[in-house]
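Q: Take a look at this one; I'll ask things after.
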Ligand code: EPS
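Numbering (our numbering), first residue to last: 7 to 398.
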């Protein structure tokens, strides 16, 4: 089973991640992981940290001469500011912080986390709640993407909303569009919407405010048969939902036309089934179900949307709160922050979708080596072609 654990605080020395369950023989280069981390730093509206954060990366185990060994892969991602700024405040040695953050930010994990863990300093919570942790997830996602590439799965995301600015969505982006999307200032596929999004960010920045938005994530080439209808916790859409909702600040997620479909009639809402006798494959002309029916992938594109709330840290602290020491009313503390992190969230959402799909593909096809994994997948698909009725 593919699984991973991350550790590390936003301003700690480093993030570390251990990934277990990757088959042997996967070609892994530091540069493939680095470039995914660099994509996560993209986006107009990110704060100053993303300009100097280099995401220094080291593979500490599980990879030899550029190939996985089947053993756990360990990765460390250093924080650029550690030596210069944080060795005292974030020291693991016994001691006390120079300053305590006692006015929790509404919308952040601060207050509930302080109450739950018995802290009187919001930093004890926010350091781990921070979206910095997503750098480690993106590193895992890079490995998952490499594994999925071996079976022809490609994942692409694009920003479809920032604040009130929404993008046209007349076709699903493919991997061929990724370079253009990444070149957009806000990772948006629609140049006209990009302009409105940038303008909205510029305005919010001027007012010291923050913005939320939405991304669309699409996986092409997902084989039929990932996930299952037999148990609630094996449904592919359920697993994807959990993965998306676990991304910091994401408050909603939909699969396919998940929201619009509710107002359609059944006769118009579903993806009709066709059969191509030349390729001996079933296919659909629409993807309203987001490539998932009954919790099982159908073989069509898996289409997911994730919505992010505006960041809870503002450059102009106006949110009312209470000082946890004096119980006096106040405003939440000011921290260096982003105006919006929606473009970065798209890259994180790609990683999370890749991780879920890789895990489910490994569960379906198995294999201790990549060769065995991809052989098993080919044999399964061939078996469907030989006896198409077996899928009913
Ligand atoms: C974050 C606040 C900012 C972001 C950070 C997430 O960090 P800082 O307070 O150090 O300026 O830059 O995101 C990352 C560091 C990252 O790598 O994405 C927060 O409060 O969640």
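We put the beta carbon where it would ideally sit given N, CA and C, even for glycine. These numbers come from a predicted model, not from an experiment.
Quick one: complete alpha helix (DSSP H) runs, 4+ long, within the region 79 to 129?
A: 116 to 123
Q: Here's the rule: buried if 16 or more other CB atoms are within 10 angstroms of the residue's CB, otherwise exposed. What is residue 313?
A: In the chain shown, counting from the first residue as 1, residue 313 sits at position 307. Residue 313 should be labelled buried.
Q: Could you check whether the Cβ of residue 96 sits closer than 7 Å to any heavy atom belonging to ligand 1?
A: Working through the chain shown from its first residue, we reach residue 96 at position 90. Result no, Cβ not under 7 Å from ligand 1.
Q: Buried or exposed: where does residue 307 fall if 16 or more other Cβ atoms within 10 Å of its Cβ makes it buried?
A: Here residue 307 refers to the residue found at position 301 of the chain shown. With 16 or more Cβ atoms within 10 Å of its Cβ, residue 307 is classed as buried.
Q: State the Cα-Cα distance for the pair residue 238 and residue 244, rounded to the nearest angstrom.
A: Translated into positions along the chain shown, residue 238 becomes position 232. Translated into positions along the chain shown, residue 244 becomes position 238. Distance between the alpha carbons of residue 238 and residue 244 is about 7 Å.
Q: Leaving out five residues before and five after residue 338 in sequence, what residues of the same chain have Cβ atoms less than 6 Å from its Cβ?
A: Here residue 338 refers to the residue found at position 332 of the chain shown. Closer than 6 Å at the Cβ level, and outside the excluded window around residue 338, lie 109, 111, 323, 325 and 327.
Q: Is any heavy atom of ligand 2 found at a distance shorter than 7 Å from the C-beta of residue 141?
A: No copy of ligand 2 appears in this structure; the ligands present are ligand 1.
Q: At a threshold of 7 Å, does residue 53 count as lining ligand 1 (C-beta to nearest heavy atom)?
A: Within the chain shown, the letter at position 47 stands for residue 53. Yes, Cβ of residue 53 sits closer than 7 Å to a heavy atom of ligand 1.
Q: Could you tell me how far apart the beta carbons of residue 1 and residue 192 are, in whole angstroms, since I believe they sit closer than 8 Å?
A: Residue 1 is absent from the model: the chain starts at 7 and stops at 398.
Q: Quick one: does the C-beta of residue 137 sit closer than 7 Å to a heavy atom of ligand 1?
A: The sequence position of residue 137 within the chain shown is 131, counting from 1. True, at least one ligand heavy atom lies under 7 Å from that Cβ.
Q: I'd like to know if the region 222 to 234 and the region 156 to 166 are in contact, where contact means that at least 3 CB-CB pairs between them fall below 8 Å.
A: yes
Q: Nearest to residue 177 by alpha carbon, out of 40, 293 and 97?
A: Here the question's residue 177 lines up with position 171 in the chain shown. Nearest in C-alpha terms to residue 177, of all of 40, 293 and 97, is 293.
Q: By the three-class DSSP mapping on this structure, what secondary structure does residue 244 have?
A: Taking the chain shown and counting its residues from 1, one reaches residue 244 at position 238. Of the three classes helix, strand and coil, the one that applies to residue 244 here is helix, per DSSP.
Q: Report all residues from its chain with a CB closer than 8 Å to the CB of residue 381; omit the five preceding and five following residues, and keep chain order.
A: Along the chain shown, read from residue 1 onward, the residue named residue 381 stands at position 375. Only 373 meet the Cβ criterion.
Q: In the DSSP assignment, find the alpha helix (DSSP H) that holds residue 56 and state where it starts and stops.
A: As a position in the chain shown, residue 56 is number 50, starting the count at 1. Residue 56 -> alpha helix (DSSP H) spans 55 to 58.
Q: What residue does the alpha helix (DSSP H) around residue 198 start on, and which one ends it?
A: For the purposes of this step, residue 198 is taken as the residue at position 192 of the chain shown. Segment 197 to 212, the alpha helix (DSSP H) holding residue 198.
Q: Compute the beta-carbon to beta-carbon distance between residue 21 and residue 364, rounded to the nearest angstrom, for a pair I have assumed lies under 8 Å.
A: As a working note, residue 21 is residue 15 in the chain shown. As a working note, residue 364 is residue 358 in the chain shown. Rounded, the Cβ-Cβ distance is 20 Å, inconsistent with contact.
Q: Hey, out of 228, 26 and 370, whose CA is closest to residue 359's CA?
A: Position 353 of the chain shown, counted from the start, is the residue given in the question as residue 359. Ranking 228, 26 and 370 by Cα distance to residue 359 puts 228 first.
Q: Any heavy atom of ligand 1 closer than 7 Å to the Cβ of residue 485?
A: Nothing can be reported for residue 485: it is not among the residues displayed for the chain, which extend from 7 to 398.
Q: How long is the line joining the alpha carbons of residue 396 and residue 387, rounded to whole angstroms?
A: Walking along the chain shown from the start, residue 396 turns up at place 390. Walking along the chain shown from the start, residue 387 turns up at place 381. Its pLDDT being 39, under 50, residue 396 is placed unreliably by the model, and nothing is read from it.
Q: Return the CA-CA distance between residue 398 and residue 180, expressed in angstroms with no decimal places.
A: By 1-based counting over the chain shown, the position of residue 398 is 392. By 1-based counting over the chain shown, the position of residue 180 is 174. Any reading at residue 398 needs caution, since the residue's pLDDT is 30, under 50, leaving its predicted position unreliable; the model's value is listed next. Rounded to whole angstroms, residue 398 to residue 180 spans 29 Å at the Cα level.
Q: Can you check which of these residues, 11, 16, 30 and 119, is closest to residue 368 by C-alpha distance?
A: As a position in the chain shown, residue 368 is number 362, starting the count at 1. Nearest C-alpha to residue 368: 30.
Q: Terminal residues of the continuous beta strand (DSSP E) containing residue 9?
A: Position 3 of the chain shown, counted from the first residue, corresponds to residue 9. It spans 9 to 13 - the beta strand (DSSP E) in which residue 9 sits, taken as one unbroken run.
Q: Quick one: what's residue 259 bridged to in DSSP?
A: Along the chain shown, one-based indexing puts residue 259 at 253. For residue 259, which the question treats as bridged, DSSP gives the partners 312.
Q: Give me the Cα-Cα distance between residue 207 and residue 168, rounded to the nearest whole angstrom.
A: One-based indexing of the chain shown puts residue 207 at position 201. One-based indexing of the chain shown puts residue 168 at position 162. Those two C-alpha atoms are separated by around 8 Å.
Q: So, is residue 361 buried or exposed, given that buried needs 16 or more other C-beta atoms within 10 angstroms?
A: The residue given as residue 361 occupies position 355 in the chain shown. The residue in question, residue 361, is buried, as its Cβ has 16 or more Cβ neighbours within 10 Å.
Q: Taking contact to mean 3 or more Cβ pairs, one atom from each stretch, closer than 8 Å, check whether the region 71 to 83 and the region 30 to 41 are in contact.
A: yes
Q: Roughly how many angstroms lie between the CA atoms of residue 13 and residue 139, to the nearest whole one?
A: Position 7 of the chain shown holds residue 13. Position 133 of the chain shown holds residue 139. Looking at the two C-alpha atoms, the distance is approximately 8 Å.
Q: Where do the ends of the beta strand (DSSP E) carrying residue 168 lie?
A: Position 162 of the chain shown, counting from 1, holds the residue named residue 168. Here the beta strand (DSSP E) through residue 168 covers 160 to 168.
Q: Output the residue ranges of the alpha helix (DSSP H) runs that lie fully inside the region 291 to 357 and measure 4 residues or longer, sorted by chain position.
A: none
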